[in-house]
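Those sequence lines, one after another, are chains A and B.
Residue numbering for the first sequence follows my numbering, starting at 1 and increasing by one per position.
Residue numbering for the second sequence follows my numbering, starting at 387 and increasing by one per position.
Below you'll find the structure, written out as structure tokens, and then a few comments.
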Amino acid sequence: MTTRELTVGVGAGELATADMVLNIGPQHPATHGVLRLRVTLDGERISRAEPIVGYMHRGAEKLFEVRDYRQIMVLANRHDWLSAFSSEVGLALTVERMLGMEVPVRATWTRTLLSELNRVLNHLMFLGSYPLELGAITPIFYSFREREELQTVMEEISGGRMHYMFNRVGGLREDIPAGWLQRVQAAIDGVRARMPELESLLVGNEILQARTRGVGVLTAEAVASYGVSGPIARASGLDVDLRRDQPYLAYDELFAPGGPGRVVTRQAGDCLARLEVLLEQTHVGLDLAQACVERLLAMPAGPVNLKLPKVLKVPEGSDYVATENPLGFNGYYLVSRGDKTPWRLALRSASFNNVAVLAELLPGNLLADMVAILGSMFFVVGDIDK
Amino acid sequence: MSTFGEVVLRSLCVLIAFLVLPLLVGQTEHKLMAHMQGRLGPMYAGGFHGWAQLVADGVKFTQKEDIVPLAADKPVFRLAPALGIVSYLLALAVIPFGPHLVAAGITGSLLWVLAVGAIGTVGTLMAGWSSGNKYALIGGLRSAAQLVSYEVPLILAAASFAMAAGSFSLVSIAHAWTPWWLLWQLPGAIVFLVAGTAELQRPPFDMPVADSELVMGPWTEYTGLRFALFLLAEYAGIVVVSLVLAVLYLGGWTGPFDHQIGPFWVLLKGFFFAVIILWMRMSWPRLREDQLQRVAWLGLVPLALLQIVLTAAGVVLTT
């Protein structure tokens, strides 16, 4: 028979305390879908955190293998539903490079324009949803007003509001509609004029600063070792941006000295720095889109795609193309055996690596800071689970 | 017969006010928030600008299944929502709408309001503890911490008004009010408003129910009518805090033509404070629990003590 001991006393030494294991998710308001975090709590302090992923695994990579090169485009824009156009472009670039295709210059600039508009849309989404996690309910309506403006022009050219499906191997589906560039210009001007309203609700707010400054500091070493990329990495002082470092589309010209492109970085590495990077990148994105519009207006009419053979086969070989998606590096590793479908198409998505660092970042923080940190990692669950 | 009839009549009036005023505040929140966020808010229920939306919500809540979790401490779980409701109902009964227009005219009505108002938070505590849910438990603990730290500045601020008027009766305080109070009692009013908001667990002090962290805190496991009672209690709390503040700091029924429309002034002044409490929710994120304690002990308590010194000096110099 076991003896039952009961120690009663006052003070932390005597009073028995037990850790509490709390499963945050898969269904929880803070996880934007089905990310699950298993945290061990001592009071409100997190002593251990483990992200458990895979609830939204859809087997994207396997599905790539049974669809031809025209069809995989529709899958490529699904995993990160907030960066659909950027993901499409990455895949199109991979296939084109393996085919040795020269895409018309008009298509390249239009792709750049749409990528940047997509980036702004993505960032506006997080600029609205992040305050929501901190309990501020109004900014999301401000940011969605701007999103609506930009989505209208995106919808006009592509027909889609989220999954644009506007890229084709060799260019774009259709040419720019008449007068569309002027409407994009008006949309950019409108969003730029109203951004201060959103900004004053965000970085101008003392409570938001108190909740984010010095919270969840991510060191540059952790960023490097976990393969964190995108705005989160740049907020920790890592000056990496594939648009400048490995230029694709028309970025070599935009990021050339004197061009509108610049890489936004912060040194602090805390939640506020991540938010600031996102905010400033929104402005840079609008500047880049503006430059693309001007360039396209000055450009003579021309083709936006290439004529493809009826059965599109990629020559045998492999290639890896990475692009700077709104949330970070998005890479496609394509292995072809000369068939009309990829033999293997591996996907490197940004959110997977960005969320992996949570296990290191969360312990020692309060439960209330957990949502502040989680929200500032700017992830899309589909992009984690693929 | 006449006394009994009068008691019934007065109780009925309080009950009607208790059911109507929180809905009015709730509808104001819906519409105000919507227009601040570029939306329209409720537009259909009842026809004219969705005036009956909250009535419809109430009807919906009554039809829902009342679930008591298996792991819950059932009697406590069932009783918890009633506590908040009853406490604010009792508080509302002593708020004067005119020199003689008060449902229960007791001499220590300010003390009464503070005493019964604090019970409401115990309901949240009971709900958090009895739900058998980790989120609810953390929420309950947070609300306990909040209750402890915000009672002090609330009572200190109220004490200042009582000192200034030389009475614990809300009617007497309103009688003693002069426009000079607007300046003299300003710090106390600010402390009362902030501490009252924290006591009500309204944003930016809503960490006990922080939806993005704790799902719904102590209310997580509640459904149907019991859940609606918590919401009603929250809005009734706003009504009570706003009306008490209107009586303490803005002189209650005092105003032009106050012999004819005194109650209207009380309601208007109370509405002013209610809108401030609502507005805070629309513009600010929520604080963290430790930051909230900092605000209480390093900001509000010293400010309230300062106000008491100020009030004492004022009372000594003017009498």
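Where a beta carbon is used, it is the ideal one built from N, C-alpha and C, also for glycine.
Since we're looking at a predicted model, the values are computed, not measured.
Determine the closest residue to A/Leu-127 out of A/Arg-161, A/Ala-222, A/Glu-61, A/Glu-276, with distance taken between C-alpha atoms. Here residue 127 of chain A refers to the residue found at position 127 of the first sequence. Out of A/Arg-161, A/Ala-222, A/Glu-61, A/Glu-276, A/Glu-276 has the C-alpha closest to the C-alpha of A/Leu-127.
Taking 7 Å as the threshold (C-beta atoms), are B/Ala-522 and B/Ala-466 in contact? For the purposes of this step, residue 466 of chain B is taken as residue 80 along the second sequence, with counting starting at 1. For the purposes of this step, residue 522 of chain B is taken as residue 136 along the second sequence, with counting starting at 1. In this structure, B/Ala-466 sits away from B/Ala-522, with a CB-CB distance that is not shorter than 7 Å.
Nearest chain B C-beta to A/Val-380 closer than 7 Å, yes or no? For the purposes of this step, residue 380 of chain A is taken as the residue at position 380 of the first sequence. Answer no: the Cβ-Cβ gap between A/Val-380 and chain B never drops below 7 Å.
So the candidates are A/Leu-334, A/Val-21, A/Asp-239, A/Val-304; which of them puts its Cα closest to the Cα of B/Asn-519? On the second sequence, position 133 is the one that residue 519 of chain B refers to. By alpha-carbon distance to B/Asn-519, the top candidate from A/Leu-334, A/Val-21, A/Asp-239, A/Val-304 is A/Val-21.
Between the stretch 581 to 599 of chain B and chain C, which residues of the former have a C-beta closer than 9 Å to a C-beta of the latter? Within the model displayed, chain C is absent; protein chains A and B are what it includes.
Chain B contact for A/Val-371 (CB, 7 Å cutoff): What you label residue 371 of chain A is simply residue 371 of the first sequence in a count that begins at 1. Yes, A/Val-371 lies at the interface with chain B (some Cβ there is under 7 Å from its Cβ).
A/Met-56 - DSSP class collapsed to helix/strand/coil: By 1-based counting over the first sequence, the position of residue 56 of chain A is 56. Coil, per DSSP.
Under 7 Å between C-beta atoms of A/Ser-86 and A/Asn-118: As a first step, residue 86 of chain A is located in the first sequence; it is residue number 86 there, counting from the start. As a first step, residue 118 of chain A is located in the first sequence; it is residue number 118 there, counting from the start. Yes, the Cβ-Cβ distance between A/Ser-86 and A/Asn-118 is below 7 Å.
Taking the C-alpha atoms as reference points, what is the distance between A/Gly-190 and A/Ser-200? Along the first sequence, one-based indexing puts residue 190 of chain A at 190. Along the first sequence, one-based indexing puts residue 200 of chain A at 200. Approximately 17 Å between the Cα atoms of the pair.
Would you list the residues sitting across from A/Ser-336 in a DSSP beta bridge? Taking the first sequence and counting its residues from 1, one reaches residue 336 of chain A at position 336. DSSP output for A/Ser-336 lists A/Gly-317 as bridge partner(s).
Please return the same chain residues whose Cβ sits closer than 6 Å to the Cβ of B/Val-633, not counting the five positions on each side in sequence. Start at 1 with the first residue of the second sequence, and residue 633 of chain B comes out as number 247. Answer for B/Val-633: Leu-556, Ala-560, listed in chain order.
When you compare only the Cα positions, how much space is there between A/Val-465 and A/Arg-111? As displayed, chain A neither begins before 1 nor continues past 386, which places residue 465 of chain A out of reach and without an answer.
Any idea what DSSP makes of A/Ser-376, helix, strand or coil? Position 376 of the first sequence holds residue 376 of chain A. In the structure shown, A/Ser-376 falls within a helical segment according to DSSP collapsed to helix, strand and coil.
Beta-carbon separation (whole angstroms), A/Ala-256 vs A/Leu-113, contact threshold 8 Å: Start at 1 with the first residue of the first sequence, and residue 256 of chain A comes out as number 256. Start at 1 with the first residue of the first sequence, and residue 113 of chain A comes out as number 113. Incorrect: roughly 17 Å between the Cβ atoms, too far for contact.
Check A/Pro-51 in the structure and name its three-state DSSP category. Along the first sequence, read from residue 1 onward, the residue named residue 51 of chain A stands at position 51. In the structure shown, the three-state DSSP call for A/Pro-51 is strand.
So, are the CB atoms of B/Met-593 and B/Arg-528 less than 7 Å apart? If you number the second sequence from 1, residue 593 of chain B lands on position 207. If you number the second sequence from 1, residue 528 of chain B lands on position 142. It is a contact, given that the beta carbons lie within the stated cut-off.
Around the C-beta of B/Lys-460, are 16 or more other C-beta atoms found within 10 angstroms, so that it is buried, or is it exposed? By 1-based counting over the second sequence, the position of residue 460 of chain B is 74. Its Cβ having fewer than 16 others within 10 Å, B/Lys-460 is exposed.
Under the rule that 16 or more other beta-carbon atoms within 10 Å means buried, what is B/Asp-676, buried or exposed? The count along the second sequence starts at 1 and reaches residue 676 of chain B at position 290. A residue is called buried once 16 or more other Cβ atoms fall within 10 Å of its Cβ, and B/Asp-676, having fewer, is exposed.
Output, in sequence order along the chain, the residues in the stretch 186 to 215 of chain A whose CB is closer than 8 Å to any CB in chain B. Those residues of the stretch 186 to 215 of chain A placed with their C-beta closer than 8 Å to a C-beta in chain B are Leu-201, Asn-205, Ile-207, Leu-208, Ala-210, Arg-211, ordered along the chain.
Suppose the cutoff is 7 Å on Cβ atoms and the five residues either side in sequence are ignored; what does the same chain contact list for A/Thr-138 look like? As a first step, residue 138 of chain A is located in the first sequence; it is residue number 138 there, counting from the start. Counting only Cβ-Cβ distances below 7 Å, and skipping sequence neighbours, we find Leu-201.
Under the three-state reduction of DSSP, which class applies to A/Ala-346: helix, strand or coil? Locating residue 346 of chain A in the first sequence gives position 346, where the first residue counts as 1. The answer is strand: DSSP assigns A/Ala-346 an E or B state.
For chain B, find out if any of its Cβ atoms is closer than 7 Å to the Cβ of A/Pro-309; answer yes or no. Numbered from 1 along the first sequence, position 309 holds the residue referred to as residue 309 of chain A. No, A/Pro-309 does not count as interfacial toward chain B.
Would you please verify whether the beta carbon of A/Thr-152 is less than 7 Å from any beta carbon of chain B? Here the question's residue 152 of chain A lines up with position 152 in the first sequence. Not a single CB atom of chain B sits nearer than 7 Å to the CB of A/Thr-152.
If we require 4 or more residues per run, which alpha helix (DSSP H) segments fall completely within the stretch 225 to 276 of chain A? The alpha helix (DSSP H) runs lying completely inside the stretch 225 to 276 of chain A and spanning 4 residues or more are 231 to 235, 242 to 245, 251 to 254, given in chain order.
Give the DSSP-derived three-state secondary structure of B/Gly-412 in the structure shown. Along the second sequence, read from residue 1 onward, the residue named residue 412 of chain B stands at position 26. The three-state secondary structure of B/Gly-412, taken from DSSP, is helix.
Check the C-beta distance from A/Pro-104 over to A/Gly-214 and give it rounded, since I have them as a contact under 8 Å. Within the first sequence, residue 104 of chain A is the residue found at index 104, counting from 1. Within the first sequence, residue 214 of chain A is the residue found at index 214, counting from 1. Contact doesn't hold; Cβ gap of about 49 Å is too wide.
Quick one, which of A/His-28, A/Ala-273, A/Glu-88 has its alpha-carbon nearest A/Met-162's? Along the first sequence, one-based indexing puts residue 162 of chain A at 162. Shortest Cα-Cα distance from A/Met-162 to any of A/His-28, A/Ala-273, A/Glu-88 involves A/Glu-88.
If I measure Cβ to Cβ from A/Pro-363 and keep anything under 8 Å in the same chain, skipping five residues before and after, which residues do I get? As a first step, residue 363 of chain A is located in the first sequence; it is residue number 363 there, counting from the start. In the same chain as A/Pro-363, and ignoring 5 residues on each side of it, the C-beta atoms closer than 8 Å to its own belong to Ile-46, Ser-47, Arg-48, Ala-49, in chain order.
Tell me the rounded alpha-carbon separation between A/Gly-179 and A/Glu-155. On the first sequence, position 179 is the one that residue 179 of chain A refers to. On the first sequence, position 155 is the one that residue 155 of chain A refers to. Taking C-alpha positions only, A/Gly-179 is separated from A/Glu-155 by approximately 14 Å.
Residues bridged to A/Glu-116 by DSSP? Along the first sequence, one-based indexing puts residue 116 of chain A at 116. Beta-bridge partners assigned by DSSP to A/Glu-116: none are found.
Mind listing the chain A neighbours of B/Ser-668? Cutoff is C-beta to C-beta under 8 Å, in chain order. Mapped onto the second sequence, residue 668 of chain B falls at position 282. It should be pointed out that residue 668 of chain B corresponds to Met in this sequence rather than to Ser. The contacting residues are Ile-137, Thr-138.
Specify whether the stretch 208 to 228 of chain A and the stretch 248 to 262 of chain A touch according to this definition: at least 3 beta carbon pairs, one from each stretch, less than 8 Å apart. Result no; under three Cβ-Cβ pairs closer than 8 Å.
Would you call the stretch 438 to 447 of chain B in contact with the stretch 609 to 618 of chain B, where contact means no fewer than 3 C-beta pairs closer than 8 Å? In this structure the stretch 438 to 447 of chain B touches the stretch 609 to 618 of chain B; the number of beta carbon pairs closer than 8 Å is three or more.
For A/Pro-131, which residues in chain B fall below 9 Å Cβ to Cβ? The residue given as residue 131 of chain A occupies position 131 in the first sequence. For A/Pro-131, the chain B residues whose C-beta falls within less than 9 Å of its own C-beta are Pro-671, listed in chain order.
Sequence-distant residues of its chain with Cβ nearer than 7 Å to A/Leu-361 (five each side left out): Residue numbering aside, residue 361 of chain A sits at position 361 when the first sequence is read from its first letter. The residues are Gly-216, Leu-218, Ile-373.
With 16 as the cutoff for other CB atoms within 10 Å, does A/Thr-94 come out buried or exposed? Along the first sequence, read from residue 1 onward, the residue named residue 94 of chain A stands at position 94. It is buried - the Cβ of A/Thr-94 has at least 16 other Cβ atoms within 10 Å.
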